[in-house]
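Student: Letter by letter, the first sequence follows residues 9 to 446 of our numbering. The structure under discussion is supplied below as structure tokens; questions concerning it will follow.
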Amino acid sequence: MKIYDTSTRSLVALPERPGPVRMYFCGPTVYQRIHVGNARPFVLSMWLRRWLIECGYDVTLVENITDVNDKIYDAARAEGIASTDLAAQAAAWYVEDTALLGLGRPDVEPLVTETMPEIVGLIEDLVARELAYEADGDVYFRVRDFEDYGCLSRQRPDDVQEQEPNAAKEDPRDFALWKGQKPSEDAHWPSPWGDGRPGWHIECSAMAEKFLGTDFEIHGGGLDLVFPHHENELAQSRGAGREFAKIWMHNGMLQLTGEKMSKSLGNIATLREVVEEWGRETLLLYFMTGLWRNPIDFSIDAMDAAASQVESFRNALRSGGAPSEASPAADSANDAGWQELVAALEDDFNTAAALAIFHGWRATGQHALLRRGLALFGLDGLEVEDAVPPDLAALARARVAARAAKDFDEADRLREQIEQAGWGVRDTVSGFELVRRR
RNA sequence: GGCGCCGUGGCCGAGAGGUUAGGCAGGGGCCUGCAAAGCCCUCUACACCAGUUCGAAUCUGGUCGGCGCCUCCA
């Protein structure tokens, strides 16, 4: 299994199975409903965990929830509520919305507010090593004393543009590990440097270490986090003597800038709205169409195409017999077929290639393989039908009788009636099939 | 200004020095009472300009265009 690693800009092999493979993915800062783009790292991490487990790896996935942050203070103040209440509410929204994807939960979803002792401890380590210093109740990381600073993003510290100068810092490039409480901030925690709250970067270093140990295999997150967030995490943890992450996975951004979507669909941008509008299967399949580290455009056309593909799989499985037909014997007979998928996914988790393989299985009627493959991506159960309303079944039976009597006007009227109810009727060799229209 | 990523057919998107990606949409056909679903056939490609090579969409250089990040404030 090879994965593209940001720090070496190359494909890096995972250790021999069973590993372990310990993964830390940066989750969201919670202050509002998450955006559909925020679902990409979540989906990637959950898929990757499923796949690695399938491959026989011992996997642990930690995905944090940042519940202390400037944006939370700002949003709460704007709404006139306590920041801790907003964070708790928005964290619940996040769990609720990502649960709609039907992919399960990460093994651990730590909160910053529950990791304060570890965060403070890590900062104390850095202060003791003189890689951090206190200034007016803040604590800053001494960038110039960490030689490898920039090794992940390949930014040279000297080239970084200086933002708002802060007189308390020794060097404009230094970043905050701990921030003393400001009057406008209603939530704060005690520390050796006074009340305040952690900087954005240190929390991830502390949470990763708390649940995965001082070294782990994969650190993931959005490409926008490479600098400064992950660069700073790396500097803090390595500076404190930890090995930290071996492979850095950064997923590409979901582009939402196209005006076609905002004009035609209104403000469909949050995850839950997208799932409600298109269904979880369509969104998941849409994510499969692009390589995880490339940007993808979110558009109506792309979602329509994904929906059509979902329908084609659904139809194939519908007419492919009951799931119980997928016997172990049939699977082992198709082991060569499965190896195709293994090859595609072991090559940097190429889900687009996997999708093409699925279409091949669909077209050749290899439903046991198809079910097994789709299930990896949370697309199992596609063929599970909604219960047919008895009155529609009666209409369909009446239509069969009308067709037998060559009364096609009546048959078409009945079909129209069924379609009005949101269902479709298909004639089959054995009679008819009623399917929910989507 | 700095550090990177990317430009593939109507659309979405893999691939990566010679060999079909796949899907969606479009056209034609089969099937059907008509449909639906399915199947068959089919049309459009590798931003531009140089170079390396027997051969480049794939390598190199340049041009143009798009995107991400640049330190409390993704």
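Just so you know, even glycine gets a beta-carbon here, dropped at the ideal spot from N, CA and C.
Give the DSSP-derived three-state secondary structure of PHE440 in the structure shown.
Tutor: If DSSP states are grouped into helix, strand and coil, PHE440 belongs with the strands.
Student: Is PRO303 buried or exposed, if buried means 16 or more other CB atoms sit within 10 Å of its CB?
Tutor: Answer is exposed; the Cβ neighbour count stays below 16.
Student: Once DSSP output is grouped into helix, strand and coil, what is the label at ILE304?
Tutor: In this structure, ILE304 counts as strand in the three-state DSSP scheme.
Student: So, for ARG41: in the same chain, excluding its five sequence neighbours on each side, which residues have a beta-carbon less than 6 Å away from its beta-carbon?
Tutor: Around ARG41: TRP101 and THR278.
Student: To which residues does DSSP link HIS258 through a beta bridge?
Tutor: Answer is GLY229.
Student: Our contact map puts LYS187 next to GLY204 with C-beta atoms below 8 Å; I'd like the distance itself, whole angstroms only.
Tutor: So it is a contact: roughly 5 Å between Cβ atoms.
Student: First and last residue of the beta strand (DSSP E) that includes VAL20?
Tutor: Note, VAL20: beta strand (DSSP E), 18-21.
Student: Ignoring anything shorter than 3 residues or poking outside the stretch 199-246, list the beta strand (DSSP E) runs there in chain order.
Tutor: Listed in chain order, they are 204-206 and 223-230.
Student: Identify, in the order they occur along the chain, each residue of the same chain with its Cβ nearer than 7 Å to the Cβ of ARG322, setting aside the five sequence neighbours on each side.
Tutor: Closer than 7 Å at the Cβ level, and outside the excluded window around ARG322, lie LEU390 and GLU391.
Student: Would you check if the distance between the CB atom of PHE183 and the CB atom of TYR148 is smaller than 9 Å?
Tutor: Their beta carbons are under 9 Å apart, which means PHE183 touches TYR148 by this criterion.
Student: Buried or exposed for GLU225, going by 16 or more other Cβ atoms inside 10 Å?
Tutor: Flag for GLU225 reads buried.
Student: LEU262 and ASP305 - do their beta-carbons sit closer together than 9 Å?
Tutor: Yes, the Cβ-Cβ distance between ASP305 and LEU262 is below 9 Å.
Student: On the DSSP letters alone, give me the boundaries of the alpha helix (DSSP H) that VAL29 sits inside.
Tutor: Run containing VAL29: none in the alpha helix (DSSP H); it sits in the beta strand (DSSP E), 29-33.
Student: Using the beta-carbon count (16 or more within 10 Å), is GLU427 buried or exposed?
Tutor: By the 10 Å Cβ count, GLU427 comes out exposed.
Student: For ASN77, I'd like the list of residues in its chain whose CB is within less than 7 Å of its CB, leaving aside the five on either flank, ordered along the chain.
Tutor: So the qualifying residues of the chain are THR37 and TRP208.
Student: Can you confirm whether the stretch 42-51 touches the stretch 81-88 when touching is taken to mean that 3 or more C-beta pairs between the two stretches lie within less than 8 Å?
Tutor: These segments do not touch.
Student: Leaving out five residues on either side along the sequence, give the residues of the same chain with a beta carbon under 7 Å from the beta carbon of PHE154.
Tutor: Closer than 7 Å at the Cβ level, and outside the excluded window around PHE154, lie LEU139, ALA243 and GLY247.
Student: Restricting to Cα atoms, I'd like to know which of LEU403, HIS227 and ALA361 is closest to LEU293.
Tutor: Answer by Cα proximity: ALA361.
Student: In whole angstroms, what separates the C-alpha of GLU239 from that of ARG181?
Tutor: Between GLU239 and ARG181, the C-alpha separation is close to 12 Å.
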